[in-house]
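Chains V and X, in that order, are what the protein sequence lines are.
If you want my numbering, it's the position in the first sequence, counting the first as 1, plus 30.
If you want my numbering, it's the position in the second sequence, counting the first as 1, plus 22.
Backbone N, C-alpha and C fix where the C-beta goes; we use that ideal spot for every residue, glycine too.
The structure under discussion appears below in the form of structure tokens.
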Amino acid sequence: FQFQEYVFLEFLGLDKVPSPQTFQPVPSTLKKIFQDREAAATTGESHDLCYIKDLSIRGNILRLLLDQGLFLYSKKLSQASSCLQKFLYFNLSAIKDKEQLTMARLDLDLGPTTYYKLGPELDLALSFIQEPHVGNQPIPPPGKVLVLQSVRWPQGVIHFNLLDVAKDWNNNPKKNLGLLLEILVKGNRDVGMNFQLQDTCARLRHSLRASLLVVTLHPEQCHSSSRKKR
Amino acid sequence: EAIPAPKAFCKNLCHRHQLFINFRDLGWHKWIIAPKGFMANYCHGECPFSLTTSLNSSNYAFLQALMHAVDPEVPQAVCIPTKLSPISMLYQDNDDNVILRHYEDMVVDECGCG
């Protein structure tokens with residue numbers, strides 16, 4: 031009995047059996063949605079599979095894309111109070127042509143929320159990358175600034191809506207050169223501050239996690255509700 | 023593994039046959055985070071005319087069974103799913119992305135003659 035594995039994989043939207051080296055931690059958002067759906071299926075409660083209540087958007091496929099970018103260690107950081115610079119890159123190729131993007135949320139996890147080390151206030155800048163950066167070439171000047179935001183302290187998760195950017199990248203994959211994330215420390219630089227700055231930056235570099243939560247709607251698997259009524 | 027049908031039921035009549043596919047048996051537990059397996063239930067069994075009024079059947083099935091009784095050339099009514107439920111799958115792809123995907127009408131909950 032040869033189980034038609036490839037047929038089932040194709041149905042799942044995969045071209046071959048994934049062979050992950052390690053299991054990624056499942057983000058609480060996906061875990062909660064999954065558990066709510068399991069509970070609803072068990073109780074026979076009917077619900078629209080193509081509407082994600084927790085995120086208040088339509089969609090039936092949620093992907094958490096991991097950042098594949100690298101940290102930049104440039105000797106001359108662009109500004110004296112620069113704390114870290116990092117390329118952010120998300121591979122959108124898993125999204126099939128038929129799928130419609132309904133959400134692309136960048137999650138920047140600056141590290142666990144603690145109360146004993148609130149740390150300095152930060153400025154966070156996200157800019158487009160205009161030209162590909164290879165190896166040890168000098169860092170290309172960042173392109174248009176996408177986000178400039180102050181962050182009270184270097185802790186917790188910050189969300190950014192990148193739906194329009196992701197749609198553009200999905201329609202023109204060549205444009206997807208990623209983003210440049212720069213974190214600057216606000217405030218004066220006395221000696222004590224200097225020490226704290228290095229400590230904060232080292233901790234941030236260690237704990238920073240970037241991911242892109244992408245939600246898509248597969249029209250063949252999500253009949254519009256009007257069609258059901260028909 | 024096939025889960026035995028309740029004894030009282032005539033086994034050859036249309037009913038739901040439960041079949042659980044354990045992803046570990048396929049070696050898929052290495053990339054499917056949840057659930058542990060998949061209820062691949064199926065419908066199978068006869069739809070005789072005498073029972074179409076009680077076998078959770080459609081009116082169409084009753085008429086088709088009546089016609090089959092008159093003219094055996096007309097095929098019998100068939101045993102089909104009458105209630106389906108969705109499943110959600112949480113898995114990891116080759117880029118270590120975590121994916122949660124919902125699929126409608128994947129699990130057969132009830133069968134009947136249609």
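Buried or exposed by the 16-neighbour rule on C-beta atoms within 10 Å, applied to residue i
i: V:K205; result: exposed
i: X:N44; result: exposed
i: V:F41; result: exposed
i: X:C101; result: buried
i: V:S49; result: exposed
i: X:N119; result: buried
i: V:T246; result: buried
i: V:E129; result: buried
i: V:R67; result: buried
i: X:F60; result: buried
i: V:F53; result: exposed
i: V:A71; result: buried
i: V:N201; result: exposed
Where residue i sits in the DSSP three-state scheme
i: X:N81; result: helix
i: V:P203; result: helix
i: V:R88; result: strand
i: V:K61; result: helix
i: V:D153; result: strand
i: V:Y103; result: coil
i: V:K258; result: With a pLDDT of 46 at V:K258, under the threshold of 50, the predicted position of this residue should be treated as unreliable, and no value is reported.
i: X:F42; result: strand
i: V:T246; result: strand
i: V:V221; result: Caution applies to V:V221, whose pLDDT of 49 falls short of 50 and renders its modelled position unreliable; the model cannot decide the point.
i: V:C231; result: helix
i: V:D198; result: helix
i: V:F120; result: coil
i: V:Q98; result: coil
i: V:T73; result: helix
Residue i: contacting residues in chain V (beta-carbon distance under 8 Å)
i: X:R123; result: L42, G43, N90, I91, L92
Proximity test, residue i beta-carbon vs the ligand ZN heavy atom, cut-off 7 Å
i: V:G89; result: This structure does not include the ligand ZN; it has no bound ligands of any sort.
Neighbouring residues, chain V, relative to residue i (Cβ below 9 Å)
i: X:P103; result: The contacting residues do not exist; X:P103 stays about 14 Å from chain V at best.
i: X:N78; result: Those do not exist, as X:N78 stays about 16 Å from chain V at its closest Cβ, beyond 9 Å.
CB of residue i within 8 Å of CB of residue j, strictly
i: V:V47; j: V:L131; result: no
i: V:F117; j: V:L100; result: yes
i: V:L152; j: V:I213; result: yes
i: V:L122; j: V:L238; result: no
i: X:R46; j: V:N90; result: no
i: V:L136; j: V:L92; result: no
i: V:A196; j: V:A134; result: yes
i: V:P142; j: V:Q98; result: no
i: X:G49; j: X:A99; result: no
i: X:N81; j: X:E132; result: no
i: V:L39; j: X:P108; result: no
i: V:Q115; j: V:L102; result: yes
i: V:I188; j: V:L242; result: no
i: V:V215; j: V:S86; result: no
Chain X residues whose Cβ lies nearer than 7 Å to that of residue i
i: V:V56; result: I55, L112, V120
i: V:I67; result: Per the sequence shown, the amino acid found at residue 67 of chain V is Arg instead of Ile. Simply S110, H124.
i: V:I63; result: L122
i: V:A53; result: Just to set this straight, residue 53 of chain V is Phe in the shown sequence, not Ala. Per Cβ cutoff of 7 Å: I55, Q114.
i: V:N200; result: Those within 7 Å of V:N200 in chain X number zero; the least Cβ separation is about 15 Å.
9 Å Cβ cut-off: residues of chain X touching residue i
i: V:G74; result: K105, S107, D131
i: V:L96; result: D117, D118, N119, V120
i: V:A71; result: S107, P108, I109, S110, V129
i: V:L79; result: P108, S110, H124, Y125, E126
i: V:N206; result: Those do not exist, as V:N206 stays about 14 Å from chain X at its closest Cβ, beyond 9 Å.
i: V:N121; result: D117, N119
Partners in chain V for residue i, counting only beta-carbon separations shorter than 7 Å
i: X:D115; result: L44, P48, A124
Neighbouring residues, chain X, relative to residue i (Cβ below 8 Å)
i: V:Q34; result: Those within 8 Å of V:Q34 in chain X number zero; the least Cβ separation is about 11 Å.
i: V:L60; result: L112, V120, L122
| message | Three or more C-beta pairs under 8 Å: does that hold for the region 45-55 of chain X against the region 83-92 of chain X? | response | When Cβ pairs closer than 8 Å are counted between the two stretches, the region 45-55 of chain X is seen not to touch the region 83-92 of chain X, the count staying below three.
| request: Inspect the CB distances between the region 153-164 of chain V and the region 189-209 of chain V and report whether three or more fall short of 8 Å. | output: Output reads yes: the region 189-209 of chain V touches the region 153-164 of chain V.
| query | For the region 57-66 of chain X against the region 29-44 of chain X, are there 3 or more C-beta pairs whose distance is under 8 Å? | reply | yes
| message | Pairs of beta-carbons, one from the region 170-180 of chain V and one from the region 228-244 of chain V, closer than 8 Å: are there three or more? | response | no
| query | Would you say the region 57-72 of chain V touches the region 111-127 of chain X, given that touching needs at least three Cβ pairs under 8 Å? | reply | yes
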